[in-house]
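Novice: Structure provided below as structure tokens; questions to follow.
Residue numbers (the UniProt record's numbering): 1 to 443.
Spelled out as structure tokens, the structure:
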């Protein structure tokens, strides 16, 4: 499977393969960074190389050794031990497990460039942080946060980084939104993406895939993968139960289409063609185990629904009675299928971040209906001002009435004609009524 390591569009995957430093592909950076990238470690690097170490804090008292999973690459960072302990509970445990004389700790991580960015954030070097990152590296960020429990540290950046991709949560190539939404505690987006993933995931050589993305414990976590498999099996069971119910129904002697002349023959032909169709799909004569179904739920349901049964007079749609048609009640199956939910007890996400979930409907409105964000604010602002302007106008009228008795009389008369007393209470004229017929008569 090509591009199996990432749930990202092909164009971004190709860009990410050009090199470990160029791969970050920063779209925009703050003006104070003068166009430098925290990932580029050449002559213009923002991180100083010192005796084989990347210096994050020149006064740092700890060396953070980052070892790749294959044990072939090692990168060291000079950091502040207090900041490292506070940045991650996991790092704090590693630090506490060593002796007081140790001036270094080791962690395992392949995403060194993303980790370097996190270290800059932890050390308050905000001018080196990109404003926007590619979706591929947004996935890298989510994976790193999952492994090192760093979600709280990056909270202030996550929403802005996710903004360009919220309208693409169901697009092909963005399936890894499931990990992003899970790690950030965004329930609505997670449920939407998870439902799409578990209904379109399929098996190949004993592994689960969705599109060109390999779903494994390594890239989405054991908890998410097990939840997807559980919901997939539950949905498949409902479809297989519907098939068994159809076979049982059409096998009884009472199953007759109601035609006096060929009722029995019609029922026999329907059952025979039904069993032949189910055998083609792989559901009969032996009911398959849920783990043996290779195709996705969408494909499997489509294959079963398109089985054509034959009656005495021809194909299924030729018969006067439709009692034998095999069409799974999709609505019933869907109603019995539970949503995938985030286990917030296992994911330590601050409530502030969970409540800051992006609105995917707003992103779609911006994308498809050519709204701009200021349109949402402008409409609200104008509505708020209209009430205040009316109030100001009423105050001016009342003020003029106090200065001139004649004008006050006219003002009071105008207020009466408009249906309001001076105290602002609504009144009805004699010709007003809630009854539409009364209104017609008066007019």
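Where a beta carbon is used, it is the ideal one built from N, C-alpha and C, also for glycine.
Confirm, please, whether the CB-CB distance from residue 229 to residue 301 is below 7 angstroms.
Specialist: No, these two residues do not count as a Cβ contact at 7 angstroms.
Novice: Which of the three DSSP states, helix, strand or coil, is assigned to residue 274?
Specialist: Correct three-state label for residue 274: helix.
Novice: Grouping DSSP H, G and I as helix and E and B as strand, with all else coil, what is residue 76?
Specialist: In this structure, residue 76 counts as strand in the three-state DSSP scheme.
Novice: Which residue spans inside the stretch 125–200 form an unbroken alpha helix (DSSP H) run of at least 4?
Specialist: Qualifying alpha helix (DSSP H) stretches, in chain order: 135–148, 155–162, 177–184 and 187–200.
Novice: Output needed for residue 68: all residues of its chain with C-beta closer than 7 angstroms, excluding positions within five of it in sequence on either side, in chain order.
Specialist: These residues qualify, in order along the chain: 110.
Novice: Quick check: what's the CA-CA separation for residue 293 versus residue 91?
Specialist: Taking the straight line from one Cα to the other gives about 42 angstroms.
Novice: Okay, do the stretch 93–103 and the stretch 122–140 touch, 3+ Cβ pairs below 8 angstroms being the bar?
Specialist: Cβ pair count under 8 angstroms is below three, so no.
Novice: Buried or exposed for residue 81, going by 16 or more other Cβ atoms inside 10 Å?
Specialist: By the neighbour-count rule (16 or more Cβ atoms within 10 Å), residue 81 is buried.
Novice: Can at least three beta-carbon pairs, one atom from the stretch 108–125 and one from the stretch 137–149, be found at a separation below 8 angstroms?
Specialist: With the cut-off at 8 angstroms, the stretch 108–125 and the stretch 137–149 touch.
Novice: Hey, could you find the ends of the alpha helix (DSSP H) residue 210 is sitting in?
Specialist: Careful: residue 210 lies outside any alpha helix (DSSP H), inside the beta strand (DSSP E) at 207–210.
Novice: With a threshold of 7 angstroms on Cβ separation, who are the neighbours of residue 205 within its own chain once the five nearest residues in sequence on each side are excluded?
Specialist: The answer is none, since no qualifying residue turns up.
Novice: With a threshold of 7 angstroms on Cβ separation, who are the neighbours of residue 169 within its own chain once the five nearest residues in sequence on each side are excluded?
Specialist: Only 177, 189, 192, 193 and 360 meet the Cβ criterion.
Novice: Taking Cβ positions, are residue 57 and residue 75 nearer each other than 7 angstroms?
Specialist: Taking 7 angstroms as the Cβ cut-off, residue 57 and residue 75 do not qualify as a contacting pair.
Novice: In the DSSP output, which residue or residues are listed as bridge partners for residue 204?
Specialist: Looking at the DSSP assignment, residue 204 forms a beta bridge with 207.
Novice: Can you tell me whether DSSP reads residue 223 as helix, strand or coil?
Specialist: Looking at residue 223 - three-state DSSP - the assignment turns out to be helix.
Novice: With burial defined as no fewer than 16 other Cβ atoms inside 10 Å of the residue's Cβ, what is the status of residue 261: buried or exposed?
Specialist: Residue 261 should be labelled exposed.
Novice: Have a look at residue 152 and residue 225 and give me their C-alpha separation to the nearest angstrom.
Specialist: About 24 angstroms.
Novice: Helix or strand or just coil, what does DSSP make of residue 234?
Specialist: Here residue 234 sits in helix by DSSP.
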